[in-house]
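Trainee:
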């Protein structure tokens, strides 16, 4: 869903103190019209946009002309109409203009993704490697090479990368410093500074301001929200080697006071349980993290990468493998116990299983629902929905790229100023 401004055209007379400047008015009108085009279920005509926004037709035509010149909007094929007259041409987001670059660092893979203004994934690639024994600088150096491949793919399709965002599995502050990523062994890693040492990345983002770094579970939750498949409030759980969550309340990501919300993987299921990499004991990750599930399923030495292990588990579970079925049931119980506390606290009615949990949802969901029904106070008259995510394992990288695109839609004047 695009960000929309609720405003009307203002025709200034004399310029009293505090009057809206013409430049500000243009900025608002550009965002208003582009937002309506992005959110429209069918391509709107200029006349329809004027009626919806309260702007004059002349103003809408001028704004659309700027958006077309900036490769943000293009005209759709005319639809047949009954009656006399030429059919109106609708407007759609351009698929050959700016695009976002999404990057992801996870425990045993790197990913890069390009998403165009219309939200279409135009390129996605994954590099599998266990990054735990690798230094942050080395891991990010590999990521830069993956980003360069994505840049080349974007160039070949006539796209212009407008910016980049990176998802990491850890606590990220507001300047991109990774305070702690326990499953990677990272602590106080200045990601933007390390990436700035790689000239290829500067070329990839083409002089755009600093790379945005965020928690990968937050980006995955935003991706699910903007895919239009979920309600306005939900808990999105990303299941990989680690477990993270994105909390969406009233169509907005809830970040908490310091931006570190969602560390559901380190809520204790059993306070006296096995030690966790975070320093605690009995954390959810020790019962429902991917490595824990594989170990319980007898697949600890199977050398399955994080992005392929869930599909292998699903195959074995579908074939009736008793050991795998038991492992998934126990993981579902642990997830249900933990999620119940979150639901009781935040009054959420939907839980989305993302990342590696998405293909395992048919087996995780029943024990989760059993625990939720047993533990959530309101479950008897307000059932909770548990469902797989739309994007699954690609959600974080797609969400990162999509966040760049949504910034353009929310404030197109910044993009137009670069041309």
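Numbering (full-length UniProt numbering), first residue to last: 1 to 419.
Glycine is no exception: its CB is placed at the ideal position from the N, C-alpha and C atoms.
Look at the alpha carbon of residue 1 and the alpha carbon of residue 272, and state the distance between them as a whole number of angstroms.
Mentor: Low confidence applies to residue 1: its pLDDT is 31, below 50, so where it sits in the model is not reliable, and the reading given next is rough at best. If you take the alpha carbons of residue 1 and residue 272, they lie about 44 Å apart.
Trainee: In this structure, does DSSP put residue 245 in helix, strand or coil?
Mentor: If DSSP states are grouped into helix, strand and coil, residue 245 belongs with the strands.
Trainee: With 16 other CB atoms within 10 Å as the buried threshold, where does residue 169 fall?
Mentor: Classification for residue 169: buried.
Trainee: Please state whether the Cβ-Cβ distance between residue 34 and residue 274 is less than 8 Å.
Mentor: Cβ atoms of residue 34 and residue 274: not closer than 8 Å.
Trainee: Counting Cβ pairs closer than 8 Å, one from the segment 146-161 and one from the segment 105-124, do we hit at least three?
Mentor: Contact holds: three or more Cβ-Cβ distances are below 8 Å.
Trainee: Do residue 402 and residue 100 have their CB atoms nearer than 8 Å?
Mentor: A contact, by the Cβ cut-off of 8 Å.
Trainee: Please decide whether residue 154 counts as near chain C, where near means a Cβ-Cβ distance under 8 Å.
Mentor: The chain labelled as chain C is not found in the depicted structure, where only one protein chain is given.
Trainee: Report the residue from 104, 334, 128, 337 whose alpha carbon sits nearest the alpha carbon of residue 396.
Mentor: Checking every option, the nearest Cα to that of residue 396 belongs to 104.
Trainee: Return the CA-CA distance between residue 318 and residue 387, expressed in angstroms with no decimal places.
Mentor: Spanning the two alpha carbons is a distance of roughly 18 Å.
Trainee: Considering just the uninterrupted stretch of the beta strand (DSSP E) at residue 104, what are its terminal residues?
Mentor: Counting along the chain, the beta strand (DSSP E) containing residue 104 begins and ends at 98-105.
Trainee: With H, G and I counted as helix, E and B as strand and the rest as coil, what does DSSP make of residue 239?
Mentor: Strand, per DSSP.
Trainee: Which whole runs of the alpha helix (DSSP H) in the UniProt domain "HTH marR-type" (32-76) are 4 residues long or more, in chain order?
Mentor: The UniProt domain "HTH marR-type" (32-76) contains these whole alpha helix (DSSP H) runs: 46-53, 57-69.
Trainee: Would you mind stating whether residue 312 and residue 325 have Cβ atoms separated by less than 8 Å?
Mentor: Going by C-beta atoms, residue 312 is not nearer than 8 Å to residue 325.
Trainee: Here's the rule: buried if 16 or more other CB atoms are within 10 angstroms of the residue's CB, otherwise exposed. What is residue 300?
Mentor: The residue in question, residue 300, is exposed, as its Cβ has fewer than 16 Cβ neighbours within 10 Å.
Trainee: May I ask you to report which of helix, strand or coil DSSP gives residue 146?
Mentor: Here residue 146 sits in helix by DSSP.
Trainee: Please confirm if the segment 219-229 is in contact with the segment 237-248, defined as three or more CB-CB distances below 8 Å between the two stretches.
Mentor: The segment 219-229 is in contact with the segment 237-248.
Trainee: Short check: CB of residue 409 to CB of residue 384, under 8 Å?
Mentor: No, the Cβ-Cβ distance between residue 409 and residue 384 is not below 8 Å.
Trainee: What's the C-alpha gap between residue 252 and residue 232?
Mentor: The straight-line gap from Cα to Cα measures roughly 8 Å.
Trainee: Using the Cα positions of residue 194 and residue 404, report the straight-line distance between them to the nearest angstrom.
Mentor: Those two C-alpha atoms are separated by around 21 Å.
Trainee: Is the beta carbon of residue 290 sitting closer than 8 Å to the one on residue 339?
Mentor: Cβ distance not < 8 Å, so residue 290 and residue 339 don't count as in contact.
Trainee: Measure the C-alpha to C-alpha separation of residue 142 and residue 50 and round it to an integer number of angstroms.
Mentor: Cα to Cα, the separation comes out at about 49 Å.
Trainee: For residue 118 and residue 73, what's the separation of their Cα atoms in angstroms?
Mentor: Between residue 118 and residue 73, the C-alpha separation is close to 10 Å.
Trainee: How is residue 287 classed by DSSP in three states: helix, strand or coil?
Mentor: In this structure, residue 287 counts as helix in the three-state DSSP scheme.
Trainee: Looking only at its chain, what residues have a beta carbon closer than 7 Å to the beta carbon of residue 63, apart from the 5 residues adjacent to it on each side?
Mentor: Only 29, 30, 33 meet the Cβ criterion.
Trainee: DSSP three-state label for residue 338, please.
Mentor: Three-state result, residue 338: helix.
Trainee: Helix, strand or coil for residue 405 per DSSP?
Mentor: Reduced to three states, the DSSP call for residue 405 is helix.
Trainee: Buried or exposed for residue 332, going by 16 or more other Cβ atoms inside 10 Å?
Mentor: With 16 or more other Cβ atoms within 10 Å, it is buried.
Trainee: So, residue 90 versus residue 111, is the Cβ gap smaller than 8 Å?
Mentor: Result no, Cβ atoms of residue 90 and residue 111 do not sit closer than 8 Å.
Trainee: Answer with buried or exposed for residue 381, where buried requires no fewer than 16 other C-beta atoms within 10 angstroms of its C-beta.
Mentor: Burial call: exposed.
Trainee: Residue 48 to residue 78, Cα distance in whole Å?
Mentor: Looking at the two C-alpha atoms, the distance is approximately 14 Å.
Trainee: Tell whether a beta-carbon distance below 8 Å holds between residue 393 and residue 361.
Mentor: Going by C-beta atoms, residue 393 is not nearer than 8 Å to residue 361.
Trainee: Is it buried or exposed, residue 175, if we count other Cβ atoms within 10 angstroms and call 16 or more buried?
Mentor: Its Cβ having fewer than 16 others within 10 Å, residue 175 is exposed.
Trainee: Would you mind sorting residue 422 into buried or exposed? The rule is 16 or more other CB atoms within 10 Å of its CB.
Mentor: Limits of the chain in this structure are 1 at one end and 419 at the other, which puts residue 422 out of reach.
Trainee: What three-state label does DSSP hand residue 370 in the structure shown?
Mentor: Reduced to three states, the DSSP call for residue 370 is helix.
Trainee: Measure the alpha-carbon distance for residue 94 versus residue 44 and round it to whole angstroms.
Mentor: Roughly 14 Å separates the two Cα atoms.
Trainee: State the Cα-Cα distance for the pair residue 263 and residue 355, rounded to the nearest angstrom.
Mentor: Whole-angstrom Cα-Cα distance: 15 Å.
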